[in-house]
Amino acid sequence: RTAAIESLEAHLAFFCFENSARELIRQRLAENHGTTWWNTCTNNPLRKKVEERQDKEGKNRWHTKRGASEIYYTDFGDLASLIRNNWEDFEDLFPDPEWIYTRFNELELSRNIVAHNNVLEKNEIDRIKLYLRDWTRQVG
Numbered sequence: 032r033t034a035a036i037e038s039l040e041a042h043l044a045f046f047c048f049e050n051s052a053r054e055l056i057r058q059r060l061a062e063n064h065g066t067t068w069w070n071t072c073t074n075n076p077l078r079k080k081v082e083e084r085q086d087k088e089g090k091n092r093w094h095t096k097r098g099a100s101e102i103y104y105t106d107f108g109d110l111a112s113l114i115r116n117n118w119e120d121f122e123d124l125f126p127d128p129e130w131i132y133t134r135f136n137e138l139e140l141s142r143n144i145v146a147h148n149n150v151l152e153k154n155e156i157d158r159i160k161l162y163l164r165d166w167t168r169q170v171g
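Heads up: the sequence shown at position 69 corresponds to 100 in this note's numbering, and the numbers run straight through without jumps.
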């Protein structure tokens, strides 16, 4: 129980960060490319991975779905790639693509530890909270 309580802060920060990124990407690409943005702004391997996940989920109809759109079936690292590969749609929000890439890359290491129910050290939790604050200040 102690480890679970210590991990709550990291879980909450990642929940907020990851879902904020997903919604920003979805909204921005839909605004700029229309309702078919998923087909025009993503590559074939990503679309195939998401389709396989949706198909697998479709076989287990008794279970809650991940989300209402394809973006919720992507991996954390895919989010940075989506921004980078569609940079012209995000360049007004971020200093440069490396700002995104570096933060997502560093956060993914901690995210995988948290997502697999392990405990992070305090300095790693502090980094997550700092990056979440940076993200919020950057995107509004």
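Each residue gets a CB set at the ideal place from its N, CA and C atoms; glycine is no exception.
Quiz item: Since Pro128 is in the alpha helix (DSSP H), which residue starts that stretch and which ends it?
Solution: Pro128 to Ala146
Quiz item: Is it true that the segment 66-76 meets the segment 108-128, where meeting means three or more beta-carbon pairs spaced less than 8 Å apart?
Solution: yes
Exercise. Using alpha carbons as the reference points, say which of Leu77, His94 and Ala99 lies closest to Ser112.
Key: Leu77
Self-check item: Delimiting residues of the alpha helix (DSSP H) encompassing Asp86
Solution: Asn75 to Gly89
Self-check item: Beta-carbon proximity of Leu138 to Ile144, cut-off 8 Å
Solution: no
Exercise. Out of Leu39, Leu110, Lys87 and Ala61, point me to the one whose CA is closest to Arg134's CA.
Key: Leu110
Quiz item: Got a sec, what are the start and stop residues for the alpha helix (DSSP H) Ala34 sits in?
Solution: Thr33 to His64
Quiz item: The alpha helix (DSSP H) spanning Tyr162 covers which residue range?
Solution: Lys153 to Val170
Quiz item: Going by Cα to Cα distance, which pick from Arg32, Ser38 and Thr33 is closest to Ser141?
Solution: Ser38
Self-check item: At least three beta-carbon pairs within less than 8 Å, the segment 94-105 to the segment 47-61
Solution: yes
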